[in-house]
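Protein sequence lines, in the order shown, are assigned to chains A and B. Everything in the first sequence is counted per the numbering used here, starting at 91 for the first residue and increasing by one. Everything in the second sequence is counted per the numbering used here, starting at 91 for the first residue and increasing by one. Ideal Cβ placement from N, Cα and C applies to all residues, glycine included. From a predicted model like this one, the values you see are computed outputs, not experimental measurements. Here is the structure we will look at, set down as structure tokens.
2 protein chains.
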Amino acid sequence: MDPRVKEHAEIICDWSIELERDEDVVVTAPPEAHDLVVALNEEIGRRGGNVVTLYSSDEAGRAYLKAHDGEFTLPEHVLALYREADAAVHVRGDANVNEMNDVPGKLLAERSRVTKPITEERLSTNWCLTQHPTRSYAQNADMASEEYREFVYEATLRDWQEVHDSQEELREQLDEASTVRVVGDDTDVSMDVDGMHAVNSSGKNNLPSGEVFTAPVPDSVEGQVLFDKPLIHQGREMEGVYLEFEDGVVVESRAERNEEALDDLLDTDEGARRLGELGIGTNRDIDRFTYNMLFDEKMGETVHMALGRAYDDNVGEGREGNDSAVHVDMIKDVSDGRIEFDGEVVQEDGEFVWKH
Amino acid sequence: MDPRVKEHAEIICDWSIELERDEDVVVTAPPEAHDLVVALNEEIGRRGGNVVTLYSSDEAGRAYLKAHDGEFTLPEHVLALYREADAAVHVRGDANVNEMNDVPGKLLAERSRVTKPITEERLSTNWCLTQHPTRSYAQNADMASEEYREFVYEATLRDWQEVHDSQEELREQLDEASTVRVVGDDTDVSMDVDGMHAVNSSGKNNLPSGEVFTAPVPDSVEGQVLFDKPLIHQGREMEGVYLEFEDGVVVESRAERNEEALDDLLDTDEGARRLGELGIGTNRDIDRFTYNMLFDEKMGETVHMALGRAYDDNVGEGREGNDSAVHVDMIKDVSDGRIEFDGEVVQEDGEFVWKH
């Protein structure tokens, strides 16, 4: 087995989910990530944890959804599983990233709505989303397979403590800020983040990582944003998404490509029309766009905003974060824009002012 | 997709687990059974059920066990999953049937002991054990892959109602009997079955099937048996297993091959030294031995006995069945022997007397 796979499994256990003896782990992985499944089982066994692996397959998921009449009920057995779990590791690497392309968006949205309690239970564990470098994801990134493996492991197998330390300045500033403004191409948006907690994302919930993020006060978002990087929701790729906010709500929206998918997303529930996250990418080792949000949103000189649910970790006491069945990240290039905290410029043309 | 895979999934849903709307199903399958996973997801979706698929991999299981120090605890999350499940479908078809060969038997036995509550919960659902015809199982059966696929589907895709009806005579007779005696090569064993329920096995818990079975009264087994077909427990193959019983307990044992595996099995717990099942195979369409108990024990002109736990369905009111963490079937060829119920011959030289 590629020794990098073993190292990946070790980082997941020791850094990302901080596995302790006798803890119950749910690993979710596609068959294409078989080597990582084996390595994770080995490392979890070595640490005296318990593990069950769920078989993730978009092909099976698509077959299920397309055959179903859409009157979903909550799978109580899966809810019970996550209620008792201490950690959840989700491994990406499906054999075909376009497997969900012909599933109606409304069906996917309805399924997300019904299974939301499961999502909540999963996010209440020590969870980690990570990537196995499959040929399908290499193809999707316009890369050769071994080239992609190098890209993924370069970004993933790092000293995450060091990354964490290097991001603390930004986290502290964002944590203390009351308002954030992002200015760029067709973009001028501001939001309150007062009372919210900024999180230093350094390989725990997302592996790889490299971002600092917070939650906007839901009603406070004002202005417009053009998200100039493509985004994918439930297998459907959208490009050139433009949103206008008033009192925190999307009042105008369009997309250059796949606007229907954007409409379906916005119609999921009330919270899908509001922002749940503002993130600032810091990872300059992720040096190219690979059509994979787990990597793309961490790129340096970008910010991202997510429609949908806020993460509990961001929501301060006495504050309410946005609630929704979905959480969909969208990226804005700010390499020729700027970010302001409380009216002070903190990043201009992609450079943080304290790094000058 | 091979249309036989779809038909297999339909039989599992409609006949084996009798799936009803909104029921919660756990499918367990190896990646090699991917097509059946997709087909099962589709058919469960069509019937409005909920499904989660567990990733079954002996390679991952081996890696876990060999890395673990052996001080296991019960995976509470998996227990919770099965507690809420209505049905459990276990698909065999691992890529290498010998994957567990170098795992110490004591470790496997200890793991079985600790996870017994999960086994009990799973067996309290509508459960079904079935086979996907993988190349590894074809190889293990000394057959070509397509030849093996034909063998498996010939045995599996049947009118199970018809099989059920044809076995009723035998079930009634065994149900009414007080004692059973089996005589053959190096074999003369008798046991009480009074108050126990005979079950007509016709594609529900085992697919394929074709047997009638009951549970012996645990203390009543007397005599000796030479099991002349190989048997496999947790990946380890034993041959020529010979057991002698007194007051229901194995007092002498030997095996021509892999006696250590037999000793480990017998040492699992107290119940592993007693019988939990007596079965009579009826399926003449399973015309060859394929080193796979799911098929082998159903062969006509054989009986099988299992060390370990009795199935609840067999245990009559006021009776106690044998209890154990294991249930290991062993086959005896009776093509030149005989089976007696209450001193009356019911099968001689492989032929049931009522079929003459």
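Three or more C-beta pairs below 8 Å linking the region 166–175 of chain A and the region 123–132 of chain A: Contact between the region 166–175 of chain A and the region 123–132 of chain A is absent: fewer than 3 CB-CB pairs across the two stretches fall below 8 Å.
CB contact below 8 Å: Asp309(B) versus chain A: Taking the second sequence and counting its residues from 1, the one referred to as residue 309(B) is at position 219. For Asp309(B), the nearest beta carbon of chain A is not closer than 8 Å to its own beta carbon.
Run of the beta strand (DSSP E) containing Trp444(A), from where it starts to where it stops: Here residue 444(A) corresponds to residue number 354 of the first sequence, with the count starting at 1. Annotation for Trp444(A): no beta strand (DSSP E) segment contains it, and DSSP assigns it neither H nor E.
Residues that Lys388(B) bridges to, as DSSP identifies them: In the second sequence, the residue the question calls residue 388(B) occupies position 298. Per DSSP, Lys388(B) has no beta bridge partner at all.
Cut-off 8 Å between Cβ atoms - residues of its own chain near Glu387(B), not counting five sequence neighbours on either side: In the second sequence, counting from the first residue as 1, residue 387(B) sits at position 297. Cβ neighbours of Glu387(B) within its own chain (closer than 8 Å, five residues either side excluded): Glu301, Gly369, Gly371, His394, Asp419, Ile421.
Residues from the region 166–192 of chain A in contact with chain B, defined by Cβ distance under 7 Å: Residues of the region 166–192 of chain A with a Cβ closer than 7 Å to any Cβ of chain B, in chain order: Glu166, His167, Val168, Ala170, Leu171, Arg173, Glu174, Ala175.
Residue nearest to Val95(B) in terms of C-alpha spacing, selected from Thr246(B), Glu252(B), Lys206(B), Gly285(B): The count along the second sequence starts at 1 and reaches residue 95(B) at position 5. Ranked by Cα distance from Val95(B), the options Thr246(B), Glu252(B), Lys206(B), Gly285(B) are led by Thr246(B).
Other residues of its chain near Arg201(B): CB distance less than 7 Å, five sequence neighbours each side excluded: Within the second sequence, residue 201(B) is the residue found at index 111, counting from 1. Hits under 7 Å: Leu155, Phe162.
Amino acids of chain A, ordered along the chain, whose beta-carbon sits closer than 9 Å to that of Glu149(B): On the second sequence, residue 149(B) is found 59 positions in, with the first residue counted as 1. Within chain A, His124, Val127, Val128, Asn131 have C-beta atoms less than 9 Å from the C-beta of Glu149(B), given in sequence order.
Identity of the residues DSSP links to Trp217(A) by a beta bridge: Residue 217(A) sits at position 127 when you count from the first residue of the first sequence. Partner(s): Ala178(A).
Rounded straight-line distance, which links the Cα of Pro121(A) to that of Ala267(B): One-based indexing of the second sequence puts residue 267(B) at position 177. One-based indexing of the first sequence puts residue 121(A) at position 31. Each residue's Cα considered, the two are about 49 Å apart.
Proximal chain B residues relative to Thr358(A), where beta-carbon distance stays under 8 Å: For the purposes of this step, residue 358(A) is identified with residue 268 of the first sequence, where counting begins at 1. Those do not exist, as Thr358(A) stays about 20 Å from chain B at its closest Cβ, beyond 8 Å.
Among Ala153(B), Arg152(B), Tyr145(B), nearest to Ala150(A) - alpha-carbon criterion: For the purposes of this step, residue 150(A) is identified with residue 60 of the first sequence, where counting begins at 1. Ala150(A) has its Cα closest to that of Tyr145(B), out of Ala153(B), Arg152(B), Tyr145(B).
DSSP three-state assignment for Gln49(A), whether helix, strand or coil: Residue 49(A) is absent from the model: chain A starts at 91 and stops at 446.
Per-residue contacts from Met136(A) into chain B (C-beta, under 8 Å): In the first sequence, residue 136(A) corresponds to position 46, counting from 1. Here the sequence assigns Arg to residue 136(A), which means Met is not the residue at that position. Correct list: Ala157, His158.
Cβ pair count under 8 Å reaching 3, the region 207–226 of chain A against the region 324–337 of chain A: No: the two stretches stay apart, fewer than three of their Cβ pairs being nearer than 8 Å.
Expected contact under 8 Å - CB spacing of Gln324(B) and Gly195(B) to nearest Å: Locating residue 324(B) in the second sequence gives position 234, counting from the first residue. Locating residue 195(B) in the second sequence gives position 105, counting from the first residue. Indeed, because the Cβ distance is near 7 Å, the residues count as touching under 8 Å.
Candidates Glu350(B), Leu355(B), Phe379(B), Asp426(B), of which the one nearest Ser414(B) by Cα: Within the second sequence, residue 414(B) is the residue found at index 324, counting from 1. Nearest of Glu350(B), Leu355(B), Phe379(B), Asp426(B) to Ser414(B), Cα basis: Leu355(B).
Reference Asp375(A); option with closest CA among Gly361(A), Asn404(A), Phe241(A), Arg271(A): Counting from one through the first sequence, the residue named residue 375(A) turns up at place 285. Selected option, being the one with the closest Cα: Phe241(A).
Neighbour-count burial assignment, Ser425(B), 16 or more Cβ in a 10 Å radius: On the second sequence, residue 425(B) is found 335 positions in, with the first residue counted as 1. With fewer than 16 other Cβ atoms within 10 Å, it is exposed.
Selection of the region 101–121 of chain A by Cβ proximity to chain B, strictly under 9 Å: Those residues of the region 101–121 of chain A that come within reach of chain B (Cβ to Cβ, closer than 9 Å) are Arg111, Asp112, Asp114, Val115, Val116, Val117, Thr118, Ala119, Pro120, Pro121.
Beta carbon of Glu329(A) nearer than 8 Å to that of Glu346(A): The residue labelled residue 329(A) in the question sits at position 239 within the first sequence. The residue labelled residue 346(A) in the question sits at position 256 within the first sequence. Yes.
Close-in-space but distant-in-sequence residues of the same chain around Glu438(A) (CB under 6 Å, 5 per side omitted): Stepping through the first sequence from its first residue, residue 438(A) is reached at position 348. Around Glu438(A), the same chain offers Arg428 as residues with beta carbons nearer than 6 Å, after the five sequence neighbours per side are excluded.
Gln239(A), enclosing alpha helix (DSSP H) - first and last residue: The residue you call residue 239(A) lines up with position 149 of the first sequence. First, the residue type needs correcting, since residue 239(A) is Arg and not Gln in the sequence shown. Residue range 235–246 is occupied by the alpha helix (DSSP H) that includes Arg239(A).
Span of the beta strand (DSSP E), counted from its first residue to its last, around Lys294(A): One-based indexing of the first sequence puts residue 294(A) at position 204. First-last for Lys294(A): undefined, no H or E at that position.
Residue of Asp377(A), Asp112(A), Asn230(A), Phe385(A) minimising C-alpha distance to Gly135(A): Walking along the first sequence from the start, residue 135(A) turns up at place 45. Residue Asp112(A) is the option with its Cα nearest to Gly135(A).
Continuous beta strand (DSSP E) stretch holding Val142(A): start and end: On the first sequence, residue 142(A) is found 52 positions in, with the first residue counted as 1. Its beta strand (DSSP E) spans residues 140–145.
Residues of the region 411–441 of chain A with Cβ closer than 8 Å to any Cβ of chain B, in chain order: Taking 8 Å as the Cβ-Cβ cut-off against chain B, none of the residues of the region 411–441 of chain A qualify.
is_contact[Leu355(B), chain A] using C-beta, thresh 8 Å: Locating residue 355(B) in the second sequence gives position 265, counting from the first residue. At a cut-off of 8 Å between C-beta atoms, Leu355(B) does not count as an interface residue with respect to chain A.
Contact list for Thr220(B) against chain A, beta-carbon separation under 9 Å: Position 130 of the second sequence holds residue 220(B). Those do not exist, as Thr220(B) stays about 16 Å from chain A at its closest Cβ, beyond 9 Å.
Under 7 Å by beta carbon: chain A residues contacting Asn295(B): Reading the second sequence from its first residue, position 205 is the one you call residue 295(B). For Asn295(B), there are no neighbours in chain A by C-beta distance under 7 Å, as the nearest C-beta there is about 19 Å away.
Three-state class that DSSP yields for Val31(A) in the structure shown: Here chain A comprises residues numbered 91 to 446, so residue 31(A) is not present and cannot be evaluated.
Three-state secondary structure assigned by DSSP to Ser425(A): Position 335 of the first sequence, counting from 1, holds the residue named residue 425(A). Of the three classes helix, strand and coil, the one that applies to Ser425(A) here is coil, per DSSP.
Opening and closing residue of the beta strand (DSSP E) in which Ser280(B) lies: Taking the first residue of the second sequence as position 1, residue 280(B) is located at position 190. 277–282 is the span of the beta strand (DSSP E), which, as asked, contains Ser280(B).
Proximal residues of chain A, C-beta to C-beta of Glu161(B) below 8 Å: Taking the first residue of the second sequence as 1, we reach residue 161(B) at position 71. Contact of Glu161(B) with chain A by beta-carbon distance below 8 Å involves Gly138.
Complete alpha helix (DSSP H) runs within the region 347–410 of chain A (minimum length 4 residues, chain order): Taking 4 residues as the shortest admissible run, the region 347–410 of chain A contains the following complete alpha helix (DSSP H) segments, listed from N- to C-terminal end: 349–356, 383–386.
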